[in-house]
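All residue numbers for the sequence shown refer to the working numbering, where the first residue is 706 and numbers rise by one.
The beta carbon of each residue, even a glycine, is placed where N, CA and C say it ideally should be.
Here is the structure we will look at.
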Amino acid sequence: MDFRFSDEQEFFRSQVRDTVDRLVRPKVREIDEKDVFPRDLWDEMARLGYFGLRHEERWGGMGADTVTSMIFFEELARGSAGFFMSVTVQMLMGTYFIGRFGSDAMKERVLAPAIEGRKVTCICFTEDQSGSDLAGTRTSATRDGDSWILNGNKQWITNGPICDVATVMATTDPKAGLKGLSFFLVEDGMEGFRKGQVFHKLGTRGAPTGELVLDHVKVPADHHLGEETGKGLEYSTDILNHVRVMTGLAACSIAEEAMRDAAGFARGRVAFGSPIATYQLIREKFGRHYAKREAARTLLYRVAWMIDQGLECRREAMAAKWFATEACLESVDEATRIYAGNGFSMEYAPQRFFRDARFLLSGGGTHEVLLNFLGSQYLRG
Ligand SMILES: Cc1cc2nc3c(=O)[nH]c(=O)nc-3n(C[C@H](O)[C@H](O)[C@H](O)COP(=O)(O)OP(=O)(O)OC[C@H]3O[C@@H](n4cnc5c(N)ncnc54)[C@H](O)[C@@H]3O)c2cc1C
706 MDFRFSDEQE FFRSQVRDTV DRLVRPKVRE IDEKDVFPRD LWDEMARLGY FGLRHEERWG
766 GMGADTVTSM IFFEELARGS AGFFMSVTVQ MLMGTYFIGR FGSDAMKERV LAPAIEGRKV
826 TCICFTEDQS GSDLAGTRTS ATRDGDSWIL NGNKQWITNG PICDVATVMA TTDPKAGLKG
886 LSFFLVEDGM EGFRKGQVFH KLGTRGAPTG ELVLDHVKVP ADHHLGEETG KGLEYSTDIL
946 NHVRVMTGLA ACSIAEEAMR DAAGFARGRV AFGSPIATYQ LIREKFGRHY AKREAARTLL
1006 YRVAWMIDQG LECRREAMAA KWFATEACLE SVDEATRIYA GNGFSMEYAP QRFFRDARFL
1066 LSGGGTHEVL LNFLGSQYLR G
């Protein structure tokens, strides 16, 4: 066993860290307060080539391994959580199915410009009546000669309000439940495809999120992404493992940022004649955070390594994401307690970490759904 990152990976981390420190962190507060998509940052990150990290070099990507791409996500999450959301959707689920199943012509038209940041992508699972329960998907795809006709309504779509390209989950056979699901590529400007309500969110502000409406949208047959219809869920398994590790590492970074900030406050704040950092009950919060973050990162990078080895890791990815997120929620809560009254103020940072961390509970599966699955698998023996 060797738990060390390679020299190349360490160098890559330092480069990303420097970029995030220089470009993203100075804008965190502004992005959150104004809730605006930072197009300039988007363009710059694309120019630096990061959007193609996971994609084939042929389309402008870097073809990096999973551990390396997770280093990128962990560092990026030290900046704005909203910007992180937009970028990770673009790099993972927004382009994954196109990269895996798209024709060369489609990749040239859609994937290469997405890697260059010129096209914004999104992934559409959720509807008003179905989130965790994808068997309840009502968006339908009906074959019509050489085309598919899509009808439905998608909600909570990150990048939806500004998207050029959407990967949409729809059912080709409503009676088949989970076995009727497929993905389709929909492009802005197609007749019947419309951007609906924009959602105002508690956290991850700056990532435009909203509703997409499909009203008899006609897409060519090759916009069905996958070899067979009805296998959408099966095709999602790999990328969902990535999403869970990425979300878990975001949890580690948000927690670390919150506690580092709180450490500065604890060193300077004097109560009963001493800095509060000298009190054991305050120190315990930092010790607990440190221990849980270390444990979470070890779990998460192990899963990233398993993905790179081609090992089955669905359960491990779910467990690691759950553990990291719960640890993060504890740390961001403790950070507000350390600040006490000031932790309740919009002038200080803890409230932002506290709000942003809530998105981790939905991304990659809610904790009830993850633990229900893990528990049922465990009981099966
Ligand atoms: C910031 C943000 C960005 C998002 N971006 C996207 C996006 O880009 N694309 C997209 O498709 N979706 C997106 N979503 C939606 C997200 O994927 C869903 O919120 C998530 O799948 C949960 O679905 P739901 O909100 O409909 O809740 P539901 O699934 O309706 O769950 C409601 C509650 O019931 C619980 N529950 C459900 N089933 C069970 C069960 N079997 N056992 C026990 N408890 C259960 C849940 O855990 C939860 O507590 C985003 C959400 C947020 C908050």
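CB contact flag (residue i, residue j, <8 angstroms)
{"i": "F904", "j": "G911", "result": "no"}
{"i": "F703", "j": "A1001", "result": "What is shown of the chain runs 706 to 1086, which leaves residue 703 out entirely."}
{"i": "S1043", "j": "F970", "result": "A small correction: the amino acid at residue 1043 is Ile; Ser does not occupy that position in the sequence shown. Yes; because the gap between Cβ atoms is below 8 angstroms, this pair is in contact."}
{"i": "V1095", "j": "I776", "result": "No statement about residue 1095 is possible, as the shown extent of the chain runs from 706 to 1086 and does not include it."}
{"i": "A1040", "j": "A926", "result": "no"}
{"i": "F778", "j": "V729", "result": "no"}
{"i": "D878", "j": "G937", "result": "no"}
{"i": "K824", "j": "S785", "result": "no"}
{"i": "F1064", "j": "V1037", "result": "no"}
{"i": "F708", "j": "P913", "result": "no"}
{"i": "G819", "j": "V870", "result": "It should be noted that the sequence gives Ala, not Gly, for residue 819. For A819 and V870, yes; Cβs fall inside 8 angstroms."}
{"i": "R1020", "j": "L1084", "result": "no"}
{"i": "L883", "j": "L839", "result": "yes"}
{"i": "N864", "j": "S791", "result": "yes"}
{"i": "E962", "j": "R783", "result": "yes"}
{"i": "H947", "j": "I1012", "result": "yes"}
{"i": "W853", "j": "V918", "result": "no"}
C-alpha gap between residue i and residue j, whole angstroms
{"i": "L945", "j": "R998", "result": "22 angstroms"}
{"i": "G757", "j": "E932", "result": "24 angstroms"}
{"i": "Q860", "j": "D920", "result": "15 angstroms"}
{"i": "G836", "j": "V1074", "result": "11 angstroms"}
{"i": "E762", "j": "T771", "result": "15 angstroms"}
{"i": "Q902", "j": "N858", "result": "11 angstroms"}
{"i": "G765", "j": "G804", "result": "12 angstroms"}
{"i": "A982", "j": "M964", "result": "12 angstroms"}
{"i": "A881", "j": "E939", "result": "14 angstroms"}
{"i": "G1015", "j": "N1077", "result": "25 angstroms"}
{"i": "N856", "j": "D943", "result": "27 angstroms"}
Residue interval of the alpha helix (DSSP H) (run including residue i)
{"i": "V948", "result": "G937 to G973"}
{"i": "E1039", "result": "R1019 to Y1044"}
{"i": "I862", "result": "No alpha helix (DSSP H) holds I862; the beta strand (DSSP E) holding it covers S852 to T863."}
{"i": "T1003", "result": "Q985 to D1013"}
{"i": "R752", "result": "R744 to R752"}
{"i": "L1084", "result": "H1072 to R1085"}
{"i": "Q1105", "result": "Nothing can be reported for residue 1105: it is not among the residues displayed for the chain, which extend from 706 to 1086."}
{"i": "F902", "result": "It should be noted that the sequence gives Gln, not Phe, for residue 902. Element bounds for Q902: not the alpha helix (DSSP H) but the beta strand (DSSP E), F898 to V903."}
{"i": "V733", "result": "V733 to K739"}
Residue i classed as buried or exposed, judged by whether at least 16 other C-beta atoms fall within 10 angstroms
{"i": "V950", "result": "buried"}
{"i": "V975", "result": "exposed"}
{"i": "K990", "result": "buried"}
{"i": "A1032", "result": "buried"}
{"i": "D737", "result": "buried"}
{"i": "T793", "result": "buried"}
{"i": "A1088", "result": "Here the chain covers residues 706 to 1086 and nothing more, so residue 1088 does not appear."}
{"i": "Y984", "result": "exposed"}
{"i": "E896", "result": "exposed"}
{"i": "A1009", "result": "buried"}
{"i": "K739", "result": "exposed"}
{"i": "T1045", "result": "A quick correction: the sequence has Ala, not Thr, at residue 1045. Per the 10 Å Cβ criterion, exposed."}
{"i": "F977", "result": "exposed"}
Where the beta strand (DSSP E) containing residue i begins and where it ends
{"i": "E916", "result": "T914 to P925"}
{"i": "S887", "result": "L886 to E892"}
{"i": "T847", "result": "S845 to D849"}
{"i": "M796", "result": "Looking at the DSSP string, M796 is not in any beta strand (DSSP E); the run it does join, the alpha helix (DSSP H), is A786 to M796."}
Determine, using beta-carbon pairs with one atom in the region 880-891 and one in the region 838-858, whether at least three such pairs fall under 8 angstroms.
yes
For the structure I just gave you, are there three or more beta carbon pairs, one from the region 738-758 and one from the region 868-881, closer than 8 angstroms?
no
Quick one: any contact between the region 798-813 and the region 1021-1037, if contact means 3 or more CB pairs under 8 angstroms?
no
Contact between the region 947-961 and the region 1064-1081: three or more CB pairs below 8 angstroms?
With the rule of 3 Cβ pairs closer than 8 angstroms, the region 947-961 counts as touching the region 1064-1081.
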